[in-house]
Each structure stands twice: as structure tokens, then as C-alpha cells.
DNA sequence: TATAAGGCTTCCAGTCACTGGAGGGTCAAG
DNA sequence: CTTGACCCTCCAGTGACTGGAAGCCTTATA
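Chains as they are written, first to last, in the UniProt record's numbering: chain A, 1 to 129; chain B, 1 to 129.
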């Protein structure tokens, strides 16, 4: 398969797939003309990566997850630990964003949003602590 | 004031404050010895920046917000629009993270996390679509 | 068979908002 | 006069791509 085909099937940009090769995640064979030639297994790896990335795992986490995926002697505890850590980080991120959102929503609410210059948003940002 | 003093008061790393100068956000005076010399107004700007960044505004948004802050003829509508857009982006981000979180939490829940290799997390990531 | 469109290649640079570190000058206290 | 805490500049790296230039290769059509 050419890169365009796997890009369509894995729903990843070709640029990204080349990048994954650069960093050693998926290394396809090459045709005599220099074109990348992806096997079904390569395709499968890319799909795996796409899904792990969509769950927010970092590239390094993905690399580790792929290793575990291919290791028949893995312990599910290791995978679960990785995923739980990631889950905790997502929760932190959500909490942080919700805090931002709450503050910002209050400010937006309080702002008239008309032609006058008075603005509680700027007033808050500029207040001396 | 030296950079260390404003760093403490604005709760921003000195490195970050120098970076803000690089990109033209806050340009302090210089002493004869080359040290930066921050005025109260510089300090105020840095505090403004710190708060805007803490609300998740991008640097370019911050630049615009500072301009508006200093413009006595601004219209609060412009500020409100900027903040509302940002609020919408935060909401999108939260929704995205909650979706991730939900999926991941289900997988973590389903995983025994013991010495055995069977793992629903990896099974899900590796499933053919 | 010529050509044009589209796909493929590499390589370089840019994104965002810092952050780390090397290498060196300055200042206040003891 | 030395020590240690500041301060300076400049360069490079982070994460995960993304855009673009310059140039092959393939395929379809005239």
C-alpha cells in the first residue's frame, strides 16, 4: 500500500505517518522506486497509534503501549498503570479548564459588550492583587 | 526593580519575563550595568499578563487585551467577543477531554491489572475497525 | 507518444510558550 | 578579597506535528 492509502484508512495525514517513521514507530518497506510500501501489519500499527493518540496518550506512551501490545508476556497491570496515570492527568487538566471556564464565564457574564469602554474583564485582569 | 523582584511579585519565572521582553510585551528600562529596571507600570503589565495567561488566553490574545486595556476608547464589545471566543474554545477542549476520559475510564475499569497478559485496553486499541 | 495532473520523495523551517544550560559580568556581605 | 547570589546573552531543545519548496514517478488522456 502507498502512503496515501494507509493515510485514508488510518485517518492520519501522510505527513504524520512519515513523522512516525522518522521517530521509529512504524517503518514500512520500500519499493524499488523509493515509495513506502505498507503491509497490513504496518496499517494495523498505525490504526493502533491513531486510537491511542486520540485517547490523548503521548507519543512516548504510545511507543510503550505498542511494545506491550506486541509482548505476549506483558502483565496487564503495567498497561493499567499507564492508563490510570494518564486518566489522572486528564482529570487534572479537566479540573484546571473548568476553573478557568468558571472565572471566565463570570467575567463574560458581567461585561455589557457594548460601545462603552467600561469592561469588568479588563478590570479584573488589571486589578492590583 | 530587578527582574528577580518582579518575578516574585508577578509569580512568573524570570526566564518567562525575559521572553515577554523578546516578543515585545513588556520592555523595561536598563541600568548602566545592563540590568533590567522594572517600573511599577511594567510590574502591573506583567501581573496583567500573568492573569490573562492563567485564564488560558494565548500570547497574541494577551497582546491584544493589553492594547485594549490601555486604550481608553475601546469598546467593551471587542473584549467580550475575544473572551467569549476563548470561552467557547475552552468548552470544546473540555468536551473533548471528557470524551477521552469516559472512554479511557471504561477501559481502565475493565482491565484486571494483574500479572496476566489479557488486557481490554490493548484489545480496544488494537481492534480492527 | 507527449503531456498534464496528481502522488510520491527529501529536507528545511516554523509552530507555541517557554525552559535549560553554558559562559560570563556584577553586587553585597563577611 | 573572596564567596555566593544575582544578573546578562545566546543557543538549543521541548511535543507533535505542519507547511512548503524542489524534484521524481505514475497514470490517464489527447
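Here a beta-carbon is modelled for each residue, glycine too, at the ideal position from N, C-alpha and C. Keep in mind it's a predicted model, so treat the numbers as computed, not measured.
Beta-carbon gap between residue i and residue j smaller than 7 Å
| i | j | result |
| --- | --- | --- |
| residue 97 of chain B | residue 94 of chain A | yes |
| residue 50 of chain B | residue 48 of chain A | no |
| residue 37 of chain A | residue 31 of chain A | yes |
| residue 76 of chain A | residue 116 of chain B | yes |
| residue 26 of chain A | residue 87 of chain B | no |
| residue 79 of chain B | residue 46 of chain B | no |
Rounded C-alpha distance that separates residue i from residue j
| i | j | result |
| --- | --- | --- |
| residue 139 of chain A | residue 4 of chain A | Because chain A is modelled from 1 through 129, residue 139 of chain A falls outside the range shown and cannot be assessed. |
| residue 121 of chain A | residue 99 of chain A | 16 Å |
| residue 89 of chain A | residue 83 of chain A | 10 Å |
| residue 42 of chain B | residue 28 of chain B | 7 Å |
| residue 113 of chain A | residue 53 of chain B | 21 Å |
| residue 15 of chain A | residue 9 of chain A | 14 Å |
| residue 64 of chain A | residue 71 of chain A | 10 Å |
| residue 44 of chain A | residue 128 of chain B | 7 Å |
| residue 132 of chain B | residue 55 of chain B | As shown, chain B starts at 1 and ends at 129. That puts residue 132 of chain B outside it, with no answer to give. |
| residue 24 of chain B | residue 73 of chain B | 23 Å |
| residue 61 of chain A | residue 118 of chain A | 48 Å |
| residue 35 of chain A | residue 69 of chain A | 28 Å |
| residue 1 of chain B | residue 40 of chain B | 8 Å |
| residue 92 of chain A | residue 33 of chain A | 49 Å |
| residue 110 of chain B | residue 20 of chain A | 29 Å |
| residue 12 of chain A | residue 102 of chain B | 23 Å |
| residue 81 of chain B | residue 85 of chain A | 37 Å |
| residue 17 of chain A | residue 17 of chain B | 37 Å |
| residue 106 of chain B | residue 106 of chain A | 33 Å |
Neighbour list for residue i in chain A, Cβ cutoff strictly below 8 Å
| i | result |
| --- | --- |
| residue 16 of chain B | Residues of chain A passing the Cβ test: none, with the nearest at roughly 17 Å. |
| residue 105 of chain B | 87 |
Chain-ordered neighbours of residue i on chain B, where CB pairs are closer than 9 Å
| i | result |
| --- | --- |
| residue 76 of chain A | 111, 112, 113, 114, 115, 116, 117, 118, 119, 120, 121 and 122 |
Where residue i meets chain B, residues with beta-carbon distance less than 8 Å
| i | result |
| --- | --- |
| residue 91 of chain A | 101 |
| residue 83 of chain A | 104, 107, 108, 111 and 121 |
Members of the segment 110-129 of chain B that neighbour chain A once the beta carbon cut-off is set at 8 Å: 111, 112, 113, 114, 115, 116, 117, 118, 119, 121, 122, 124, 125, 126, 128 and 129
To test your reading of the DSSP string, which unbroken alpha helix (DSSP H) runs of 4 or more residues are found completely within the UniProt domain "HTH merR-type" (1-68) of chain B? Runs found: 3-10, 14-22 and 40-54.
When Cβ atoms are compared, which residues of the UniProt domain "HTH merR-type" (1-68) of chain B fall closer than 8 Å to chain A? 44, 47, 48, 51, 52, 54, 55, 56, 65 and 68
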